[in-house]
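Below is one structure, written out as structure tokens; the observations come after it.
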Amino acid sequence: MPEPITAQTATSSAPADVGVPHIFLDCDGVLADFDTYAHFYFGMHPRDAEAELGSKRFWKMLEAKGNFYRDLPLMHDARTLFDAVSHLKPTILTGCPRGNWAEAQKIAWAQAHFPDVPIITCRSADKRDHASPGDVLIDDWPQYRHRWIEMGGVFISHYDAESSLAALWAHCPALRP
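Counting from 25, one number per residue, gives the positions in the sequence shown under the working numbering.
Given below as structure tokens:
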């Protein structure tokens, strides 16, 4: 397993009057176990399935399943992570694949597992549009990390709840319950 990356922030510091940062939690790979469910569905790791089938066919097959995102299981430590930050009133911020098929499934998933927790769906590249200086995103997909940081946000690369919480408390010790 790669070493956890500590919180990464913009090179310039956030304004002093930022206050308490908002915590955003990615869904797939942080709260929802996309990889295990996709592995069960395809019979192989999802990255291998996507490489074998081609990206377009891979996503079309998930779309055709009809309830793929709604039925994702929780990550084994999702409750540990969520419960540790629940006092901070986090928001689920999740990227959706192309098309309009996944949004309703992701919202239904969030309502089933984390009722009353706000959820924002968008393209992964557009997560930055929801960042304010100092806001924290805990996400397992580093591809657009730089965009979050450019907005003045703090990006925590998620490997597991323990390392993500350690990075969060190290960066913002006053947030710890």
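We treat Cβ as the ideally placed atom computed from N, Cα and C, and that holds for glycine.
Any idea if Asp-261 is buried or exposed, counting beta-carbon neighbours within 10 angstroms, 16 or more meaning buried?
As displayed, the chain neither begins before 25 nor continues past 201, which places residue 261 out of reach and without an answer.
Assuming Cys-51 and Ile-131 make a contact with CB atoms under 8 Å, what is their CB distance in whole Å?
Taking the first residue of the sequence shown as position 1, residue 51 is located at position 27. Taking the first residue of the sequence shown as position 1, residue 131 is located at position 107. With a Cβ gap of about 10 Å, Cys-51 and Ile-131 do not count as contacting.
Confirm, please, whether the CB-CB distance from Val-160 to Ile-47 is below 8 Å.
Taking the sequence shown and counting its residues from 1, the one referred to as residue 47 is at position 23. Taking the sequence shown and counting its residues from 1, the one referred to as residue 160 is at position 136. In this structure, Val-160 lies closer than 8 Å to Ile-47 by Cβ.
Thinking Asp-105 and Leu-189 are a contact (beta carbons under 8 Å), I'd like their distance in whole angstroms, please.
Residue numbering aside, residue 105 sits at position 81 when the sequence shown is read from its first letter. Residue numbering aside, residue 189 sits at position 165 when the sequence shown is read from its first letter. With the sequence shown as reference, residue 105 is identified as Leu, and Asp is not the correct amino acid for it. Sure, about 7 Å apart at Cβ, within 8 Å.
In the DSSP output, which residue or residues are listed as bridge partners for Ile-47?
Within the sequence shown, residue 47 is the residue found at index 23, counting from 1. Partner(s): Val-160.
For Pro-166, which residues of its own chain have a beta-carbon under 7 Å away from its beta-carbon, when the five flanking residues on both sides are left out?
Reading the sequence shown from its first residue, position 142 is the one you call residue 166. Ser-181.
Contact defined as beta carbons within less than 8 Å: I believe Leu-163 pairs with Phe-179. What is the distance between those atoms, to the nearest angstrom?
In the sequence shown, counting from the first residue as 1, residue 163 sits at position 139. In the sequence shown, counting from the first residue as 1, residue 179 sits at position 155. Looking at the sequence provided, one finds Asp at residue 163 rather than Leu. Rounded, the Cβ-Cβ distance is 7 Å, consistent with contact.
Grab the span of the beta strand (DSSP E) containing Val-178 for me, first residue to last.
Residue numbering aside, residue 178 sits at position 154 when the sequence shown is read from its first letter. From DSSP, the beta strand (DSSP E) with Val-178 extends over 178 to 181.
Using the Cα positions of Leu-49 and Ile-144, report the straight-line distance between them to the nearest angstrom.
Start at 1 with the first residue of the sequence shown, and residue 49 comes out as number 25. Start at 1 with the first residue of the sequence shown, and residue 144 comes out as number 120. Near 10 Å, if we compare the C-alpha coordinates of Ile-144 and Leu-49.
Use the C-beta contact count for Val-11: other C-beta atoms within 10 angstroms, 16 or more gives buried, fewer gives exposed.
Here the chain comprises residues numbered 25 to 201, so residue 11 is not present and cannot be evaluated.
Going by DSSP, what residue range makes up the beta strand (DSSP E) through Pro-117?
Taking the first residue of the sequence shown as 1, we reach residue 117 at position 93. Reading off the sequence, residue 117 comes out as Leu, not Pro. Per DSSP, Leu-117 belongs to the beta strand (DSSP E) from 115 to 119.
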